[in-house]
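In full-length UniProt numbering, the protein residues as written are 1 to 337. Backbone N, C-alpha and C fix where the C-beta goes; we use that ideal spot for every residue, glycine too.
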């Protein structure tokens, strides 16, 4: 006879290799949910002096790669990051910032610079003076809707700017990706625009993974949970079966902990109770299906295991404050469909 979850013994230790495999499996599962939508990339060629500003874009991320030359990244908080050829910057918060040649240079907004299409979703901007036969700096940048799916809360925990150098040790797999990007940017071969866009998506996923694995040792919330083998097991279970209304006792059993200890540990680390987290994940997934995949509300309700569309709508409204139909209507009114 199976023991009641409240009386399940806690696992004293979990093998390090099993912990790594579990964490790796969870991170892989969550990265599958990550999407970069509405991506618009630009290749920017400049002279020796330049200053370009970028607007604040909540819910979006900026991606910059320096193929040739140098640049300074100045954040809206005044921090300065020196970038050289091979440097990449990922800005998951979509904050306002500037790319400049030096501190005192004149600034132009990126949208005021004329561009020419280079391929699907990629355009070129050339501000290099006619007196300069070759550009001093060549940049590739993108701005995209940064959709982390069930990991949406993760974006708020990430730093304003993640700067990766060409020889960065904690992102070993990223080095050849950046090298391939530089080759495509500089060669301008047929189809380079589409290849660049795909490489940028891979690079972004690698940066998110690397930050989760090697980020701050004082990590809190979801980051700490991803590194906790017991909580990781429960979170992986939730994300793999969103059609089920998981009870705390069932999740505790997955984590090999008592119900009370699991609930307390989960809430203290994540910041919300496990069932609240599970419902938020389901409703975020529902929102993605409704808005981005154009799936009907009744089909979404069925996918998530609700007995009726009305029951799903009530659950959706409890989490989001408005019904699913209003979400689609507001999106259409904003012209973001």
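For residue 141, the enclosing beta strand (DSSP E) stretches over residues 137–147. DSSP places residue 82 outside any alpha helix (DSSP H); the residue lies instead in the beta strand (DSSP E), whose first and last residues are 80–84. Two segments are said to touch when three or more pairs of C-beta atoms, one from each, lie closer than 8 Å; by this definition the stretch 261–272 does not touch the stretch 300–319.
Residue state for residue 242 is assigned as coil, using DSSP reduced to three classes. DSSP places residue 50 in no beta strand (DSSP E); its state is neither H nor E. Distance between residue 48 and residue 138, taken at the CA atoms: about 11 Å. The beta carbons of residue 105 and residue 50 sit closer together than 8 Å. Residue 161 is positioned such that its CB atom lies closer than 8 Å to that of residue 73. Around the beta-carbon of residue 143, 16 or more other beta-carbon atoms lie within 10 Å, marking it buried. The alpha-carbon of residue 95 is positioned some 10 Å away from that of residue 59. Using a C-beta cut-off of 8 Å, the stretch 197–209 makes contact with the stretch 173–183, since at least three inter-stretch Cβ pairs fall below that distance.
Put simply, the backbone Cα of residue 186 is about 46 Å away from that of residue 324.
Around the Cβ of residue 182, a 10 Å sphere holds 16 or more other Cβ atoms; the residue is buried. According to the DSSP assignment, residue 60 belongs to the beta strand (DSSP E) that extends over 60–68. CA-CA distance, residue 93 to residue 78, rounds to 16 Å. DSSP lists no bridge partner for residue 312. With contacts defined as CB atoms closer than 8 Å, residue 41 and residue 178 fail to qualify as a contacting pair. The Cβ atoms of residue 61 and residue 85 do not sit closer than 8 Å to each other.
Boundaries of the alpha helix (DSSP H) around residue 254: 248–254. Counting every other CB atom within 10 Å of its CB across the protein chains shown gives residue 318 a total below 16, marking it as exposed. One Cα belongs to residue 281, the other to residue 242, and the distance between them is close to 8 Å.
For residue 73, DSSP records a beta bridge to 81, 99. If you look at residue 162, you'll find it in the beta strand (DSSP E) that goes 162–164.
Taking the C-beta atoms as reference points, residue 248 is found nearer than 8 Å to residue 263. Counting the other CB atoms within 10 Å of its CB gives residue 113 a total below 16, which places it among the exposed residues.
Taking a 10 Å sphere around the C-beta of residue 260, we find fewer than 16 other C-beta atoms and assign the residue as exposed. The continuous stretches of beta strand (DSSP E) do not include residue 181, which lies in the alpha helix (DSSP H) extending over residues 174–187. One Cα belongs to residue 45, the other to residue 83, and the distance between them is close to 15 Å. Rounded to whole angstroms, residue 63 and residue 277 show a C-alpha spacing of 29 Å. Annotation: residue 184 to residue 297 spans about 42 Å, alpha carbon to alpha carbon.
If the five residues before and after residue 312 are omitted, its C-beta is found closer than 6 Å to the C-beta atoms of 301, 306, all from its own chain and listed in chain order.
Within the same chain, Cβ atoms closer than 8 Å to the Cβ of residue 237 are found at 246, 251, 254, the five residues on either side in sequence being excluded. Ranking 240, 257, 202, 244 by CA distance to the CA of residue 228 puts 257 first.
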